[in-house]
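The block underneath contains the structure these notes are about, expressed in structure tokens.
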Ligand code: TYD
């Protein structure tokens, strides 16, 4: 696998990304693929610092464009320093959130415009899009109730947004998924973790193991 394979996992709060990623990592590793799991900012010091500015609960004055630019900056650093080298080494890179988070959260839910946010992100990523994106589509009611049930989870600035915001995020993902229909696969994440995982497994098997380019399926 000379150029690796880039999978991003997307979804609103409480969609179950963490559990899907854990399963996927185990499964693909067991099958002999070199796997790298990461998330933005993925332990890259410069990007971690940017992230702590974005998610700081005291930064209530943060302008929406500032937020979008900071996400794009953190994304760039993570991509350049970690993702691209791993792909060049032939790894399957599984990334917890990528460009579509910015399109759904900043572009749609914050109202900056999907096209506007896409354009700064095209610059940030030099147009390196994931080969496959799994969108775990959860209703905000289900997602937020899962988060509140998970005592160990840290609550960040975006979690504190109201239900209306999370509905907008979901609508944003819908629009983005339609626009990038060849790359993004929607998975109904209101179901049990087992049902979600079983569907994810089938999709990844089909696309990765069949040796097909996911954009052609
Ligand atoms: P995180 O702790 O990664 O939460 P989660 O477990 O939900 O992924 O927090 C990231 C938050 O930042 C989350 O609320 C989504 C938001 N976000 C954006 O708004 N735009 C982006 O480009 C990214 C990557 C995340």
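Residue numbers (the numbering used here): 8 to 224. No residue lacks a Cβ here, since even glycine has one placed at the ideal position from N, Cα and C.
Problem set entry | At least three beta-carbon pairs within less than 8 Å, the stretch 40–51 to the stretch 79–93 | Three or more beta-carbon pairs separated by less than 8 Å link the stretch 40–51 to the stretch 79–93, which places the two stretches in contact.
Problem set entry | Identified DSSP bridge partners for residue 18 | 143
Problem set entry | residue 28 - DSSP class collapsed to helix/strand/coil | Residue 28 falls in the helix class under three-state DSSP.
Problem set entry | Bridge partners - residue 46, DSSP secondary structure assignment | 103
Exercise. DSSP on residue 187, reduced to helix/strand/coil?
Worked result: In the structure shown, residue 187 sits in coil (DSSP, three-state: anything other than H, G, I, E or B).
Exercise. Just how far apart, CA to CA, sit residue 187 and residue 110?
Worked result: 11 Å
For this session: Between the Cα of residue 143 and those of 41, 10, 13, 21, spot the shortest distance and give me the residue it belongs to.
Result: Comparing Cα positions, the closest option is 21.
Exercise. Around the C-beta of residue 131, are 16 or more other C-beta atoms found within 10 angstroms, so that it is buried, or is it exposed?
Worked result: buried
Exercise. Would the stretch 8–17 and the stretch 97–107 be scored as touching if the rule is three or more Cβ pairs under 8 Å?
Worked result: yes
Problem set entry | Same chain only: Cβ atoms within 6 Å of residue 206, ignoring 5 sequence neighbours per side | 194
Problem set entry | Counted within 10 angstroms of its Cβ, other Cβ atoms place residue 128 as buried (16 or more) or exposed | buried
Exercise. What are the residues that DSSP puts in a beta bridge with residue 195?
Worked result: 144
Exercise. Would you call residue 65 buried or exposed, if buried means 16 or more other Cβ atoms sit within 10 Å of its Cβ?
Worked result: exposed
For this session: Give the C-beta separation of residue 106 and residue 69 to the nearest angstrom, bearing in mind that I take them to be a contact with Cβ-Cβ under 8 Å.
Result: Actually they are not in contact, since the Cβ atoms of residue 106 and residue 69 sit about 20 Å apart, beyond 8 Å.
Exercise. Looking at the unbroken alpha helix (DSSP H) that takes in residue 10, where does it start and where does it end?
Worked result: Residue 10 -> no alpha helix (DSSP H), and no H or E assigned at all.
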